[in-house]
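In this note's numbering, the protein residues as written are 3 to 251.
All C-beta atoms, glycine included, are put in the ideal place defined by N, C-alpha and C.
Being a predicted model, the structure only gives us computed values, none of them experimental.
In C-alpha coordinates:
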(Lines of atoms letter the chains of each structure in order from A and count residues from 1; the text may use other names and numbers.)
(Lines give C-alpha, C1' and ligand atoms only; values in the text may rest on other atoms or scores of the structure.)
Protein backbone atom coordinates (compact mmCIF):
# COMPACT_ATOMS: atom_id res chain seq x y z
CA UNK A 1 0.00 0.00 0.00
CA UNK A 2 1.18 3.49 -0.76
CA UNK A 3 2.10 5.99 1.93
CA UNK A 4 -0.66 8.55 2.36
CA UNK A 5 -0.25 12.27 2.87
CA UNK A 6 -1.79 13.94 5.91
CA UNK A 7 -4.62 15.28 3.76
CA UNK A 8 -5.33 11.80 2.36
CA UNK A 9 -5.36 10.31 5.86
CA UNK A 10 -7.89 12.92 7.00
CA UNK A 11 -10.04 12.18 3.94
CA UNK A 12 -9.94 8.44 4.67
CA UNK A 13 -10.96 9.00 8.30
CA UNK A 14 -13.86 11.12 7.06
CA UNK A 15 -14.77 8.42 4.52
CA UNK A 16 -15.03 5.83 7.29
CA UNK A 17 -17.32 8.17 9.22
CA UNK A 18 -19.56 8.63 6.17
CA UNK A 19 -19.69 4.90 5.47
CA UNK A 20 -20.77 4.20 9.05
CA UNK A 21 -23.59 6.68 8.52
CA UNK A 22 -24.70 4.95 5.31
CA UNK A 23 -25.02 1.64 7.16
CA UNK A 24 -26.72 3.30 10.12
CA UNK A 25 -29.29 4.74 7.75
CA UNK A 26 -29.86 1.24 6.38
CA UNK A 27 -30.52 -0.02 9.92
CA UNK A 28 -32.99 2.75 10.75
CA UNK A 29 -34.77 2.69 7.40
CA UNK A 30 -35.21 -1.06 7.82
CA UNK A 31 -36.53 -0.58 11.37
CA UNK A 32 -39.04 2.03 10.13
CA UNK A 33 -40.09 -0.12 7.15
CA UNK A 34 -38.82 2.59 4.78
CA UNK A 35 -37.28 0.28 2.19
CA UNK A 36 -38.25 2.34 -0.85
CA UNK A 37 -36.58 5.41 0.67
CA UNK A 38 -33.51 3.36 1.53
CA UNK A 39 -33.06 2.15 -2.03
CA UNK A 40 -33.54 5.64 -3.46
CA UNK A 41 -31.22 7.39 -1.03
CA UNK A 42 -28.34 5.13 0.00
CA UNK A 43 -28.05 2.46 -2.71
CA UNK A 44 -26.19 2.99 -5.99
CA UNK A 45 -27.91 5.01 -8.70
CA UNK A 46 -25.53 4.98 -11.69
CA UNK A 47 -26.75 2.53 -14.41
CA UNK A 48 -23.70 0.23 -14.47
CA UNK A 49 -23.60 0.01 -10.68
CA UNK A 50 -27.34 -0.70 -10.49
CA UNK A 51 -26.86 -3.68 -12.82
CA UNK A 52 -24.30 -5.27 -10.47
CA UNK A 53 -25.87 -4.25 -7.17
CA UNK A 54 -26.60 -7.30 -5.02
CA UNK A 55 -28.29 -8.35 -1.80
CA UNK A 56 -27.28 -11.79 -0.50
CA UNK A 57 -28.49 -14.00 2.34
CA UNK A 58 -28.02 -17.62 3.43
CA UNK A 59 -29.90 -19.01 0.43
CA UNK A 60 -28.43 -16.95 -2.40
CA UNK A 61 -28.35 -13.52 -4.04
CA UNK A 62 -30.59 -10.97 -5.70
CA UNK A 63 -28.66 -9.11 -8.42
CA UNK A 64 -29.75 -5.83 -10.00
CA UNK A 65 -31.25 -2.92 -8.11
CA UNK A 66 -34.70 -3.31 -9.68
CA UNK A 67 -34.96 -6.91 -8.45
CA UNK A 68 -33.79 -5.80 -5.01
CA UNK A 69 -36.47 -3.10 -5.04
CA UNK A 70 -39.14 -5.63 -6.06
CA UNK A 71 -38.22 -8.05 -3.24
CA UNK A 72 -37.12 -5.68 -0.51
CA UNK A 73 -39.62 -2.84 -0.99
CA UNK A 74 -42.61 -3.73 -3.19
CA UNK A 75 -43.23 -7.28 -1.99
CA UNK A 76 -42.41 -6.34 1.59
CA UNK A 77 -45.14 -3.67 1.48
CA UNK A 78 -47.65 -6.14 0.02
CA UNK A 79 -46.91 -8.57 2.82
CA UNK A 80 -47.17 -5.85 5.47
CA UNK A 81 -50.60 -4.92 4.14
CA UNK A 82 -51.66 -8.57 4.50
CA UNK A 83 -50.46 -8.47 8.10
CA UNK A 84 -52.41 -5.25 8.66
CA UNK A 85 -55.55 -6.87 7.25
CA UNK A 86 -55.12 -9.74 9.71
CA UNK A 87 -54.56 -7.32 12.60
CA UNK A 88 -57.76 -5.43 11.74
CA UNK A 89 -59.86 -8.54 12.36
CA UNK A 90 -59.21 -7.87 16.05
CA UNK A 91 -58.57 -4.14 15.85
CA UNK A 92 -60.91 -2.68 13.20
CA UNK A 93 -60.26 0.81 14.51
CA UNK A 94 -56.91 0.77 12.68
CA UNK A 95 -57.37 2.23 9.20
CA UNK A 96 -56.42 0.01 6.28
CA UNK A 97 -53.91 2.34 4.63
CA UNK A 98 -50.26 2.17 3.66
CA UNK A 99 -49.16 4.49 6.45
CA UNK A 100 -50.29 1.83 8.95
CA UNK A 101 -48.70 -1.15 7.18
CA UNK A 102 -46.12 -1.80 9.92
CA UNK A 103 -48.58 -1.42 12.81
CA UNK A 104 -48.04 -4.23 15.30
CA UNK A 105 -44.53 -4.90 14.04
CA UNK A 106 -41.20 -3.97 15.58
CA UNK A 107 -37.73 -4.86 14.40
CA UNK A 108 -34.19 -3.71 14.88
CA UNK A 109 -30.91 -5.07 13.60
CA UNK A 110 -28.15 -3.35 15.54
CA UNK A 111 -24.76 -2.85 13.91
CA UNK A 112 -21.79 -3.60 16.14
CA UNK A 113 -18.01 -4.04 15.77
CA UNK A 114 -17.59 -2.02 12.53
CA UNK A 115 -14.49 -2.87 10.50
CA UNK A 116 -14.00 -0.73 7.39
CA UNK A 117 -11.25 -0.60 4.77
CA UNK A 118 -11.20 2.19 2.17
CA UNK A 119 -9.45 1.30 -1.09
CA UNK A 120 -6.11 2.89 -1.83
CA UNK A 121 -7.69 4.73 -4.78
CA UNK A 122 -10.47 6.04 -2.53
CA UNK A 123 -13.21 4.93 -4.94
CA UNK A 124 -14.60 1.89 -3.09
CA UNK A 125 -14.65 0.53 0.44
CA UNK A 126 -15.52 -2.69 2.26
CA UNK A 127 -17.10 -3.08 5.66
CA UNK A 128 -18.04 -5.79 8.11
CA UNK A 129 -20.41 -5.70 11.11
CA UNK A 130 -21.99 -8.14 13.54
CA UNK A 131 -25.69 -7.70 14.24
CA UNK A 132 -27.70 -8.87 17.24
CA UNK A 133 -31.33 -8.14 16.45
CA UNK A 134 -34.97 -8.94 17.02
CA UNK A 135 -38.18 -8.94 15.01
CA UNK A 136 -41.80 -8.92 16.12
CA UNK A 137 -44.65 -9.00 13.61
CA UNK A 138 -48.37 -9.63 13.46
CA UNK A 139 -49.79 -12.72 11.77
CA UNK A 140 -53.26 -14.11 11.21
CA UNK A 141 -53.19 -16.07 14.47
CA UNK A 142 -51.43 -13.53 16.68
CA UNK A 143 -47.87 -12.24 17.04
CA UNK A 144 -44.55 -13.90 16.22
CA UNK A 145 -41.20 -12.79 17.61
CA UNK A 146 -37.63 -13.97 17.40
CA UNK A 147 -34.06 -13.02 18.13
CA UNK A 148 -31.52 -13.27 15.36
CA UNK A 149 -27.75 -12.98 15.16
CA UNK A 150 -26.22 -12.07 11.82
CA UNK A 151 -22.97 -11.17 10.07
CA UNK A 152 -22.93 -8.29 7.57
CA UNK A 153 -20.50 -7.77 4.71
CA UNK A 154 -20.86 -4.74 2.43
CA UNK A 155 -19.16 -3.06 -0.51
CA UNK A 156 -19.49 0.68 -1.07
CA UNK A 157 -18.69 2.80 -4.10
CA UNK A 158 -18.42 6.55 -4.59
CA UNK A 159 -20.92 8.14 -6.95
CA UNK A 160 -20.50 11.87 -7.48
CA UNK A 161 -18.42 12.07 -4.33
CA UNK A 162 -21.09 10.29 -2.22
CA UNK A 163 -20.67 6.85 -0.68
CA UNK A 164 -23.39 4.42 -1.80
CA UNK A 165 -24.24 0.85 -0.86
CA UNK A 166 -23.35 -1.48 -3.74
CA UNK A 167 -23.26 -5.08 -2.46
CA UNK A 168 -24.80 -6.21 0.83
CA UNK A 169 -24.59 -9.70 2.29
CA UNK A 170 -26.35 -10.76 5.51
CA UNK A 171 -25.49 -14.18 6.90
CA UNK A 172 -27.87 -15.40 9.61
CA UNK A 173 -26.18 -17.56 12.26
CA UNK A 174 -29.41 -18.44 14.03
CA UNK A 175 -32.99 -17.33 14.70
CA UNK A 176 -34.23 -18.05 18.20
CA UNK A 177 -37.83 -17.89 19.45
CA UNK A 178 -38.25 -16.36 22.94
CA UNK A 179 -38.63 -18.94 25.67
CA UNK A 180 -37.42 -21.83 23.48
CA UNK A 181 -34.49 -23.97 24.60
CA UNK A 182 -31.52 -23.02 22.43
CA UNK A 183 -30.52 -26.64 21.87
CA UNK A 184 -33.83 -27.26 20.07
CA UNK A 185 -33.17 -24.55 17.45
CA UNK A 186 -32.54 -26.08 13.98
CA UNK A 187 -28.92 -26.05 12.89
CA UNK A 188 -29.82 -24.71 9.44
CA UNK A 189 -31.75 -21.47 9.18
CA UNK A 190 -35.01 -22.15 7.30
CA UNK A 191 -35.30 -20.44 3.94
CA UNK A 192 -37.07 -17.11 4.23
CA UNK A 193 -39.96 -16.41 1.89
CA UNK A 194 -42.00 -13.27 2.36
CA UNK A 195 -45.12 -15.42 2.20
CA UNK A 196 -44.86 -19.16 1.52
CA UNK A 197 -48.45 -19.45 0.29
CA UNK A 198 -48.44 -16.57 -2.17
CA UNK A 199 -46.12 -16.51 -5.17
CA UNK A 200 -46.89 -12.81 -5.64
CA UNK A 201 -44.89 -11.99 -2.52
CA UNK A 202 -42.24 -14.71 -2.55
CA UNK A 203 -38.62 -13.61 -2.80
CA UNK A 204 -37.02 -14.17 -6.21
CA UNK A 205 -33.29 -14.95 -6.26
CA UNK A 206 -30.91 -14.52 -9.19
CA UNK A 207 -28.61 -17.19 -7.76
CA UNK A 208 -30.02 -19.76 -5.35
CA UNK A 209 -27.44 -21.84 -3.45
CA UNK A 210 -26.09 -22.30 0.07
CA UNK A 211 -24.28 -19.00 0.40
CA UNK A 212 -23.88 -19.10 4.19
CA UNK A 213 -24.33 -21.55 7.04
CA UNK A 214 -23.37 -21.77 10.70
CA UNK A 215 -23.73 -25.57 10.60
CA UNK A 216 -20.10 -26.06 11.60
CA UNK A 217 -19.74 -22.84 13.60
CA UNK A 218 -18.23 -19.80 11.91
CA UNK A 219 -18.44 -19.51 8.15
CA UNK A 220 -15.49 -17.94 6.33
CA UNK A 221 -17.65 -15.58 4.33
CA UNK A 222 -18.10 -12.64 4.24
CA UNK A 223 -14.36 -12.18 4.03
CA UNK A 224 -12.76 -9.98 6.67
CA UNK A 225 -11.77 -6.77 4.83
CA UNK A 226 -8.09 -6.32 4.09
CA UNK A 227 -6.20 -3.27 2.81
CA UNK A 228 -6.46 -3.11 -0.99
CA UNK A 229 -5.64 -0.73 -3.80
CA UNK A 230 -8.57 -1.06 -6.23
CA UNK A 231 -11.75 -3.14 -6.09
CA UNK A 232 -10.35 -5.73 -8.51
CA UNK A 233 -7.98 -6.80 -5.71
CA UNK A 234 -10.74 -7.35 -3.13
CA UNK A 235 -13.02 -10.31 -2.38
CA UNK A 236 -16.44 -8.99 -3.38
CA UNK A 237 -19.47 -9.19 -1.09
CA UNK A 238 -21.44 -9.88 -4.26
CA UNK A 239 -22.13 -13.43 -5.48
CA UNK A 240 -18.86 -13.79 -7.38
CA UNK A 241 -16.91 -13.43 -4.12
CA UNK A 242 -18.76 -16.27 -2.37
CA UNK A 243 -16.73 -19.49 -2.06
CA UNK A 244 -19.76 -21.58 -3.09
CA UNK A 245 -20.68 -19.49 -6.13
CA UNK A 246 -20.82 -21.62 -9.28
CA UNK A 247 -20.37 -24.90 -7.42
CA UNK A 248 -22.79 -27.77 -7.58
CA UNK A 249 -25.17 -27.92 -4.60
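Which residue marks the beginning of the alpha helix (DSSP H) containing residue 86, and which one marks its end? Numbered from 1 along the chain shown, position 84 holds the residue referred to as residue 86. Unbroken alpha helix (DSSP H) run through residue 86: 78-90.
Are the beta-carbon atoms of residue 44 and residue 24 separated by less than 8 Å? By 1-based counting over the chain shown, the position of residue 44 is 42. By 1-based counting over the chain shown, the position of residue 24 is 22. It is a contact, given that the beta carbons lie within the stated cut-off.
Same chain, Cβ closer than 7 Å to residue 132, five either side skipped, listed in chain order: Position 130 of the chain shown, counted from the first residue, corresponds to residue 132. Same-chain partners within the cutoff: 114, 115 and 153.
Minimum length 3: unbroken beta strand (DSSP E) runs contained in the region 130-214: 144-161 and 164-178
Quick test of the definition: if touching needs 3 or more C-beta pairs under 8 Å, does the region 98-106 touch the region 239-246? no
Between the Cα of residue 213 and the Cα atoms of 14, 134, 61 and 55, which residue gives the shortest distance? As a first step, residue 213 must be located in the chain shown, where it is residue number 211. Residue 61 is the option with its Cα nearest to residue 213.
Cβ pair count under 8 Å reaching 3, the region 180-188 against the region 158-166: Because the criterion of three Cβ pairs below 8 Å is not met, the region 180-188 and the region 158-166 do not touch.
Could you tell me the boundaries of the alpha helix (DSSP H) in which residue 36 lies? Within the chain shown, numbered from 1, the residue matching residue 36 stands at position 34. No alpha helix (DSSP H) holds residue 36; DSSP gives it neither H nor E.
If contacts are defined as beta-carbon pairs under 8 Å, then residue 240 and residue 56 qualify, I think. What distance do you get, rounded to the angstrom? Indexing the chain shown from 1 puts residue 240 at position 238. Indexing the chain shown from 1 puts residue 56 at position 54. For residue 240 against residue 56, the beta-carbon gap comes to about 4 Å, under 8 Å, which counts as contact.
Classify residue 222 as buried or exposed, calling it buried when 16 or more other Cβ atoms lie within 10 Å of its own Cβ. Residue 222 sits at position 220 when you count from the first residue of the chain shown. Label assigned to residue 222: exposed.
Cβ neighbours of residue 130 in the same chain (closer than 7 Å, five flanking residues each side left out): For the purposes of this step, residue 130 is identified with residue 128 of the chain shown, where counting begins at 1. 117, 154, 155, 224, 226 and 227.
Tell me whether residue 118 sits in a helix, a strand or coil according to DSSP, three-state version. Taking the chain shown and counting its residues from 1, the one referred to as residue 118 is at position 116. Strand at residue 118.
Cβ neighbours of residue 71 in the same chain (closer than 6 Å, five flanking residues each side left out): Here residue 71 is taken as the residue at index 69 of the chain shown, counted from 1. 41.
If you draw a straight line from the alpha carbon of residue 46 to that of residue 157, how long is it in whole angstroms? The residue you call residue 46 lines up with position 44 of the chain shown. The residue you call residue 157 lines up with position 155 of the chain shown. Spanning the two alpha carbons is a distance of roughly 11 Å.
Are residue 32 and residue 75 close, meaning C-beta to C-beta below 8 Å? Residue numbering aside, residue 32 sits at position 30 when the chain shown is read from its first letter. Residue numbering aside, residue 75 sits at position 73 when the chain shown is read from its first letter. In this structure, residue 75 does not lie closer than 8 Å to residue 32 by Cβ.
Integer Cβ distance of residue 29 from residue 111, believed to fall under 8 Å: Sequence index remark: in the chain shown, residue 29 carries index 27 (1-based). Sequence index remark: in the chain shown, residue 111 carries index 109 (1-based). That belief holds up - the Cβ atoms of residue 29 and residue 111 are roughly 6 Å apart, short of 8 Å.
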